[in-house]
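A short write-up of the structure that comes next.
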């Protein structure tokens with residue numbers, strides 16, 4: 017009774033949300049029953065990627081529907097990757113993506129908090145880390161916010177990663193895959209949320225280690 021209610025037979029519904037593979041499969045079946053196509057196509061790249069038209073799009077669906085949707089996807093995506101025809105494959109790829117994103121943010125927060133506890137100058141510490149082998153996209157992007165403790169204008173919130181890492185753990189549990197680091201990162205984000213920081217920028221996870229200003 018939502019977005020599907022406005023779809024016409026022969027059209028293509030493209031789902032960019034981050035959800036479980038099972039939900040993608042359910043939506044695809046519902047779309048087929050109503051006579052239109054469904055593409056499971058989560059994205060990565062954040063707010064900046066959306067604004068700059070450089071999102072990475074992870075697509076699963078029948079080739080003819082991917083071809084039909086591609087001109088639209090190219091308006092905001094610079095990397096369009098087709099993972100297969102089965103709905104859920106795009107969502108599963110996004111789960112793997114979020115595993116690394118969550119772990120990288122939590123690790124960056126832990127490293128900078130440890131540097132702070134050792135009395136190291138955080139701006140110089142971050143500069144060194146960003147120029148060496150320890151760098152990651154998340155460290156470069158979230159690190160400055162962690163150093164400045166600038167969490168009030170989130171591009172992605174703590175509770176987003178509580179949700180996304182929950183999806184990772186659900187997928188891991190289904191396959192009896194241990195996902196040790198994903199579990200550790202999830203505990204950091206759920207702790208930050210429990211402390212009332214759920215709506216703040218996800219870089220606020222670093223404050224699990226130091227509550228004082």
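In my numbering, the protein residues as written are 17 to 229.
Just so it is clear, CB atoms sit at the ideal spot from N, CA and C, and this is done for glycine as well.
Let me confirm a value: residue i is counted as buried when at least 16 other C-beta atoms fall within 10 Å, else exposed. Which label applies?
| i | result |
| --- | --- |
| residue 76 | buried |
| residue 204 | buried |
| residue 121 | buried |
| residue 88 | exposed |
| residue 17 | exposed |
| residue 196 | exposed |
| residue 223 | buried |
| residue 212 | exposed |
| residue 73 | buried |
| residue 94 | exposed |
DSSP state of residue i, grouped into three classes?
| i | result |
| --- | --- |
| residue 217 | strand |
| residue 54 | strand |
| residue 31 | strand |
| residue 23 | coil |
| residue 187 | helix |
| residue 4 | There is no way to answer for residue 4, as the model of the chain reaches only from 17 to 229. |
| residue 72 | strand |
Nearest by alpha-carbon distance to residue i: which of the options is it?
| i | options | result |
| --- | --- | --- |
| residue 47 | 60, 26, 33 | 26 |
| residue 157 | 211, 103, 117 | 117 |
| residue 78 | 124, 103, 160 | 103 |
Measuring CB atoms only, is the segment 134-154 touching the segment 53-69, in the sense that at least three cross pairs come out at less than 8 Å? Not touching, per the Cβ criterion.
Quick check on the DSSP output: what are the complete beta strand (DSSP E) runs of length 3 or more inside the segment 76-136, in order along the chain? 93-100
For the 8 Å Cβ check, are there 3 or more pairs between the segment 75-84 and the segment 47-55? yes
Okay, do the segment 180-193 and the segment 157-169 touch, 3+ Cβ pairs below 8 Å being the bar? no
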